[in-house]
Structure formats: C-alpha cells, structure tokens
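Visitor: Residue numbers (our numbering): 636 to 912.
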Amino acid sequence: MITFDNQTMDSFFRWWVVHLWVEGVWELIMGGILSFLLIKLTGVDREVIEKWLYVIVGLTFLSGILGTGHHYYYIGVNKIWLIVGGIFSALEPLAFLAMALFAVNMYRKGEKKHPNKIALYWTLGSAIVSFVGAGLLGFAHTLPQTNIYTHGTLVTAMHGHLAFWGAYAMIVFAIISYALPNMTGRKLYESTRGRAAFWLSNIGMIGMTVAFGVAGVAQVYLERKMKMDFMLVQKEIEVHFVVLLICATLFATGITLFIIDFFKHGTPSDEALEIEK
Ligand SMILES: [Fe+2]
Numbered sequence: 636m637i638t639f640d641n642q643t644m645d646s647f648f649r650w651w652v653v654h655l656w657v658e659g660v661w662e663l664i665m666g667g668i669l670s671f672l673l674i675k676l677t678g679v680d681r682e683v684i685e686k687w688l689y690v691i692v693g694l695t696f697l698s699g700i701l702g703t704g705h706h707y708y709y710i711g712v713n714k715i716w717l718i719v720g721g722i723f724s725a726l727e728p729l730a731f732l733a734m735a736l737f738a739v740n741m742y743r744k745g746e747k748k749h750p751n752k753i754a755l756y757w758t759l760g761s762a763i764v765s766f767v768g769a770g771l772l773g774f775a776h777t778l779p780q781t782n783i784y785t786h787g788t789l790v791t792a793m794h795g796h797l798a799f800w801g802a803y804a805m806i807v808f809a810i811i812s813y814a815l816p817n818m819t820g821r822k823l824y825e826s827t828r829g830r831a832a833f834w835l836s837n838i839g840m841i842g843m844t845v846a847f848g849v850a851g852v853a854q855v856y857l858e859r860k861m862k863m864d865f866m867l868v869q870k871e872i873e874v875h876f877v878v879l880l881i882c883a884t885l886f887a888t889g890i891t892l893f894i895i896d897f898f899k900h901g902t903p904s905d906e907a908l909e910i911e912k
C-alpha cells in the first residue's frame with residue numbers, strides 16, 4: 636500500500652489493493668478451488684468443468700476491474716465514477732450467479748457416489764452463500780442512488796460478513812474437508828460433528844447477517860434521513876447487537892466443532908492403523 640497525505644488519493648489507491656484482490660484475484664482462486672473440488676467430488680468430466688470456469692473468469696474480469704468504481708462514490712473523486720461504478724458493479728453479481736448455478740448443475744449431473752458428503756456440503760454451500768452474500772447483498776447497496784444513504788453504515792457490515800464467509804471461509808473449509816481425510820486416512824466425515832459444524836456456523840452467520848441488516852436499515856433511516864446524532868442512533872439500535880451476539884455464539888460453536896475435527900485428523904487412530912495394514 637502506498638500512503639498519501641491526501642485522504643481522497645489514499646482511498647483511491649487503497650481500493651486497487653482491496654477491491655482488485657477480492658473481486659479480481661480471489662474470485663479466480665475461488666473459482667479454481669471450486670472447479671477442482673467439483674471434479675473430485677461429483678465425477679463430472681474436467682473438460683465440462685473447465686469450459687464453465689472460463690466463462691466465470693471472463694465475467695469476473697469484465698465486471699470486477701471497473702467495478703472498483705463502487706468504492707469511489709462520495710469520497711471526493713470525479714463524478715464519472717458514479718456511472719462507471721454503477722454499471723460495472725451491477726454486473727458483478729452475474730459472476731457469482733454463474734458460479735452458484737455451475738456448482739449446483741455439476742452436482743446434479745454427477746454420480747453422487749463420493750463418500751465425503753461434508754466436503755460436498757461446504758463446496759456447494761460456498762458457491763450458494765457467496766452468491767447471496769457477495770452477489771445479492773452487494774448489489775443491494777452498489778448503485779449510487781442507494782449508496783448515497785448506506786455508504787459507511789451497518790448495511791456494509793451485513794454484506795461484508797456473508798460475502799467473506801461464503802467466498803473465503805467456506806471454500807477454505809471445503810478444501811480442508813476434502814484434503815484432510817486423504818492426507819491422514821481418517822474418515823471423520825462420517826461423524827455427526829462435521830454436519831453440526833456446517834449447520835451451526837451457517838445458521839449463526841445468516842442470523843448475524845439479518846441482525847446487521849435490520850440494524851443497518853434502521854441506522855440509515857434515523858441517521859441519514861432523520862438526521863439524528865450518530866451516538867444516539869447507536870443507542871436506538873442496541874437491541875440488534877444482542878441478537879448479533881446470540882447468533883455469533885452459535886457461529887462460534889460451529890467453528891469450534893470444525894477445529895476439534897481438524898485436530899482429531901492429526902491424532903493417531905485405529906482407522907489410520909487399519910489403512911497401514
Ligand atoms: Fe468492491
């Protein structure tokens with residue numbers, strides 16, 4: 636990152652790092668990991684999967700690079716970014732929609748014979764949740780006409796949480812769930828702990844997203860429409876943070892179960908010994 640004395644200059648180049656990483660580079664890495672897992676878990680031919688991967692990569696680059704403009708609204712840059720950012724970031728959900736449709740279709744086409752259902756849950760879950768979190772909830776405040784009210788509010792936190800969970804965490808959990816049994820010989824995917832980890836963390840995160848969303852909409856109305864003081868608004872929306880905490884506890888419980896499974900893979904076991912024999 637390059638630092639500038641001017642706040643606008645600083646923000647302008649900061650998004651070259653942040654946005655181009657998440658909506659350029661990472662989306663491609665995610666598509667790559669997703670394709671690998673789909674080939675391994677569904678048994679669909681590599682040629683079919685790769686053909687769709689190219690379409691997704693194309694859509695990502697088309698929308699993602701100029702979509703950086705959605706961070707340039709109202710930070711002091713030229714007004715042209717309202718138009719460029721609005722148009723190209725409206726196209727961004729298409730890449731995620733393509734990824735979700737691709738994953739579900741490949742699953743339906745596949746043989747469904749692979750025993751590691753937990754890895755399949757995380758793989759399909761990642762494609763679907765990142766479409767909702769990054770694609771749909773991103774689009775919910777990506778147009779300048781909406782963003783003029785929501786910029787820098789909890790509406791961003793709503794989108795950010797589900798997007799990162801779906802597009803970063805879930806795909807990493809998918810590859811861990813697929814790779815660990817192969818590396819250690821332990822079939823932990825047959826236990827109920829793995830399923831509980833998946834559902835608890837996902838239900839928790841969806842609850843958190845809803846709490847952030849309701850708090851965000853109330854904040855936008857009170858602060859930006861009714862012109863109430865920032866701290867007074869925080870007091871008004873306090874109850875939503877209680878809901879947030881409860882859902883976050885559920886989420887953390889799911890993650891703890893995943894971590895327990897992770898370490899169990901490394902410990903010596905009868906299953907591993909049997910495989911050696
Ligand atoms: Fe962005």
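Ideal Cβ positions, reconstructed from N, Cα and C, are used throughout, including at glycine.
Measure how close the beta-carbons of H776 and Y708 come, nearest whole angstrom, since I'm counting them as under 8 Å.
Guide: Here the question's residue 776 lines up with position 141 in the sequence shown. Here the question's residue 708 lines up with position 73 in the sequence shown. Not quite, the Cβ-Cβ distance comes to about 10 Å (not below 8 Å), so this is no contact.
Visitor: Going by the beta-carbon positions, is the gap between A730 and S698 smaller than 9 Å?
Guide: In the sequence shown, counting from the first residue as 1, residue 730 sits at position 95. In the sequence shown, counting from the first residue as 1, residue 698 sits at position 63. Cβ distance < 9 Å, so A730 and S698 count as in contact.
Visitor: Using a 10 Å radius around the Cβ and a threshold of 16 neighbouring Cβ atoms, would you call L867 buried or exposed?
Guide: Looking up residue 867 in the sequence shown gives position 232. With fewer than 16 Cβ atoms within 10 Å of its Cβ, L867 is classed as exposed.
Visitor: Regarding E658 and ligand 1, is the C-beta to nearest heavy atom distance less than 8 Å?
Guide: Numbered from 1 along the sequence shown, position 23 holds the residue referred to as residue 658. For ligand 1, at least one heavy atom lies less than 8 Å from the Cβ of E658.
Visitor: Under the assumption that G702 contacts E746 (Cβ atoms under 8 Å), give the Cβ distance between them as a whole number of angstroms.
Guide: Taking the first residue of the sequence shown as position 1, residue 702 is located at position 67. Taking the first residue of the sequence shown as position 1, residue 746 is located at position 111. That pair is no contact at about 37 Å.
Visitor: In three-state terms, what does DSSP make of L772?
Guide: Position 137 of the sequence shown, counted from the start, is the residue given in the question as residue 772. Helix, per DSSP.
Visitor: Report yes if the CB atom of I715 is closer than 9 Å to the CB atom of T643, and no otherwise.
Guide: Residue 715 sits at position 80 when you count from the first residue of the sequence shown. Residue 643 sits at position 8 when you count from the first residue of the sequence shown. Cβ distance not < 9 Å, so I715 and T643 don't count as in contact.
Visitor: Answer yes if the stretch 800 to 812 comes into contact with the stretch 853 to 867, meaning at least three C-beta pairs across the two stretches below 8 Å, and no otherwise.
Guide: No contact exists between the stretch 853 to 867 and the stretch 800 to 812.
Visitor: Does the beta-carbon of T703, which I'm using as the reference point, lie nearer than 8 Å to any heavy atom of ligand 1?
Guide: Within the sequence shown, the letter at position 68 stands for residue 703. Yes - ligand 1 has a heavy atom lying nearer than 8 Å to the Cβ of T703.
Visitor: Of the choices I753, G693, N740, L717, whose alpha-carbon is the least far from that of E727?
Guide: Stepping through the sequence shown from its first residue, residue 727 is reached at position 92. It is G693.
Visitor: How would you label T758, buried or exposed, when you count the other beta carbons within 10 angstroms and need 16 or more for buried?
Guide: Mapped onto the sequence shown, residue 758 falls at position 123. Buried is the call here.
Visitor: Are the Cβ atoms of G848 and V767 separated by less than 9 Å?
Guide: Indexing the sequence shown from 1 puts residue 848 at position 213. Indexing the sequence shown from 1 puts residue 767 at position 132. Result no, Cβ atoms of G848 and V767 do not sit closer than 9 Å.
Visitor: For Y824 versus K752, is the C-beta spacing smaller than 9 Å?
Guide: Within the sequence shown, numbered from 1, the residue matching residue 824 stands at position 189. Within the sequence shown, numbered from 1, the residue matching residue 752 stands at position 117. A contact, by the Cβ cut-off of 9 Å.
Visitor: In three-state DSSP terms, what is V811?
Guide: The residue labelled residue 811 in the question sits at position 176 within the sequence shown. Going by the sequence as given, residue 811 is Ile instead of Val. Three-state result, I811: helix.
Visitor: Using 10 angstroms around the beta-carbon of N782, count the other beta-carbons present and answer buried if the total reaches 16, otherwise exposed.
Guide: Here the question's residue 782 lines up with position 147 in the sequence shown. Looking at its Cβ environment, which holds 16 or more other Cβ atoms inside 10 Å, N782 is buried.
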